[in-house]
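Residue numbers for the sequence shown follow full-length UniProt numbering, beginning at 1 and rising by one. Contents: one structure, followed by commentary.
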Amino acid sequence: MEELPCHLVVDILSRLSDSTDLARCRLACSTLRSLSYAVTAVHVTCSPDRFLRSRDPATAEDLVPFKSLVANLACLLSSSFLSLCLSVHHPPSATGEEDPDESDDLHLTAVDFLSQWLPILSPRLTSLSISDYWIQSCWRRSLALCFISDHCDNLRSLELKNAWLSVERMKPMLKLTALALEFIRLEDENLDKLNAAFPSLQVLKLIKVGGLKYPKIHLPHLRVCHWTVSNYPYSLTIDAPELIELNLTCVEPRSVVLKTPSLLKLNLEINKPSGIFQLEGLLNLESLKMVASDVQCLIKLFKGCKAVRKLELDAPEYSDKCTTGTFTFEDLLISFPGMNDLKLGPRIINNCFEPRCLQMPVEWQKLKYLEVHLPPFDLDFSFVVCILNFCLPNCLVTILFHADVSTIDRNQFVSKCSSSFARIRWKWGMWK
């Protein structure tokens with residue numbers, strides 16, 4: 001490695017999955033030792049092996065505490081802007097074995113731990129990711145957000161996982177453009193404090209954030225939002241005039257309000273869409289994915305979205321038959337007259353889709369791409385025939401068989417399709 005250009009060596013060292021290996025590099029040769037101080041991305045991980053050794057009385061005393069490693073490393077990093085990632089990867093077998101009252105050696109969002117190293121790095125820190133140890137953090141309320149907002153003026157990206165976070169005394173972080181909170185207990189019922197503290201956000205990821213009642217995302221510069229709702233809030237509101245991509249997953253919301261006039265791509269997964277939906281200004285929507293036990297109900301909400309070109313439909317994994325009836329392909333074309341790319345999941349075919357072969361006008365033949373996940377059993381060739389009537393000549397059709405379908409049945413189905421529709425371009429595959 002001594003013969004490689006210096007910038008390339010620094011890039012390699014910055015990509016180490018565990019930056020504690022930097023210490024070994026410094027012992028290898030003088031070149032690596034000098035270049036190791038110039039890394040711009042640092043990952044410090046408590047591996048499953050290290051976790052187990054720290055819990056074993058025979059090895060724990062000889063092991064340098066993980067928090068000490070982080071604090072020591074902070075003093076040896078470069079003076080340039082950098083990215084820092086801290087995480088605990090404990091083995092699944094260890095979950096629940098510890099008494100939460102025993103220790104806090106892996107409580108990474110504790111302010112007393114952050115205070116040991118964050119003020120040193122904060123002036124040049126642009127990205128920070130902390131994945132805490134839930135057994136120790138779930139019952140310890142942390143003021144990490146307040147501490148980070150006090151010290152990290154240049155932070156652009158922040159990711160926090162597995163913690164109980166307070167929003168008290170949080171200052172606005174005007175330069176932060178990306179925020180990810182995963183498996184977080186957040187003391188901000190309506191997300192008012194989050195909206196005020198991060199006004200410049202362009203990317204927001206909220207994955208199973210608890211403690212919400214009437215959450216409202218109101219961020220004028222937000223472009224991408226991934227929101228997986230863990231509990232049953234009374235309402236969900238997203239007011240983001242510049243939002244172009246939204247992934248929203250929830251169970252049974254009573255109210256969903258989307259004020260997103262610039263939205264281009266929407267992935268919507270709702271187990272039971274029985275609440276009130278208010279969708280404003282989705283005239284630019286081009287790509288729509290819906291996963292729900294009652295897709296027909298959702299299709300009606302999007303009627304008139306003429307810009308939709310790509311449509312993907314499926315039902316939840318454990319859903320029963322649709323509660324309010326089925327829908328036909330004609331229903332899809334009426335709601336989405338510009339659609340030319342369609343993907344159908346296996347559960348939507350089983351539960352909700354009603355094949356109906358009609359003599360249709362040529363202008364209804366619009367599909368340029370079709371992907372069908374066939375159910376595990378009862379391969380229905382007539383169903384495929386009905387859909388292919390809506391395909392343009394030379395349409396690319398992908399048929400995916402379930403892995404449990406026998407080779408004989410699969411080959412017979414392929415033969416029927418190929419001989420009956422010679423002008424179609426076929427692709428075949430498997431799904432589980």
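Every residue gets a Cβ at the ideal spot worked out from N, C-alpha and C, and that includes glycine.
- In the three-state scheme derived from DSSP, where H, G and I count as helix and E and B as strand, residue 111 is classed as helix.
- One thing to note: residue 276 has its Cβ no nearer than 8 angstroms to the Cβ of residue 260.
- Taking 4 residues as the shortest admissible run, the region 252-328 contains the following complete alpha helix (DSSP H) segments, listed from N- to C-terminal end: 295-301.
- DSSP, read as helix, strand or coil, puts residue 207 in strand.
- Uninterrupted alpha helix (DSSP H) stretches at least 4 residues long and entirely within the region 373-403 occur at 381-388, given in chain order.
- Where residue 70 is concerned, the enclosing alpha helix (DSSP H) starts and stops at 66-74.
- Counting the other CB atoms within 10 Å of its CB gives residue 29 a total below 16, which places it among the exposed residues.
- A straight-line Cα-Cα distance of about 12 angstroms links residue 388 and residue 340.
- The secondary-structure analysis by DSSP pairs residue 341 across a beta bridge with 310, 369.
- In the three-state scheme derived from DSSP, where H, G and I count as helix and E and B as strand, residue 156 is classed as coil.
- Here the C-alpha atom of residue 317 lies approximately 7 angstroms from the C-alpha atom of residue 347.
- Assignment of residue 126 by DSSP, reduced to helix, strand and coil, places it in the strand class.
- In the structure shown, the three-state DSSP call for residue 89 is coil.
- Bridge pairing for residue 184: 163 [DSSP].
- Residue 59 sits in a helix when the DSSP states are folded into three classes.
- In this chain, the alpha helix (DSSP H) harbouring residue 134 covers 134-137.
- For residue 224, no alpha helix (DSSP H) encloses it; the enclosing beta strand (DSSP E) starts and ends at 224-228.
- Here residue 427 is bridged, per DSSP, to 398.
- Contact between residue 191 and residue 216 holds: their C-beta atoms lie close to 6 angstroms from each other, under 8 angstroms.
- The residues 208, 209, 210, in chain order, have a CB closer than 7 angstroms to that of residue 230 in the same chain once the five nearest residues on each side in sequence are set aside.
- Counting other Cβ atoms within 10 Å of its Cβ, residue 313 reaches 16 or more and is therefore classed as buried.
- Taking one beta carbon from each stretch, the region 135-146 and the region 58-74 have fewer than 3 pairs nearer than 8 angstroms; the two do not touch.
- For residue 193, the enclosing alpha helix (DSSP H) stretches over residues 192-197.
- Under DSSP, the beta-bridge partners assigned to residue 45 are 87.
- Going by beta carbons, residue 196 and residue 222 fall outside the 8 angstroms limit.
- For the pair residue 302 and residue 283, the CB atoms are not nearer than the 8 angstroms cut-off.
- Closest by C-alpha distance to residue 115, out of 233, 310, 149, 263, is 149.
- In this structure, residue 338 sits away from residue 295, with a CB-CB distance that is not shorter than 8 angstroms.
- Considering only 268, 306, 310, the residue with the shortest C-alpha distance to residue 297 is 268.
- The way I'd put it, the region 29-46 does touch the region 84-91; three or more beta-carbon pairs between them come closer than 8 angstroms.
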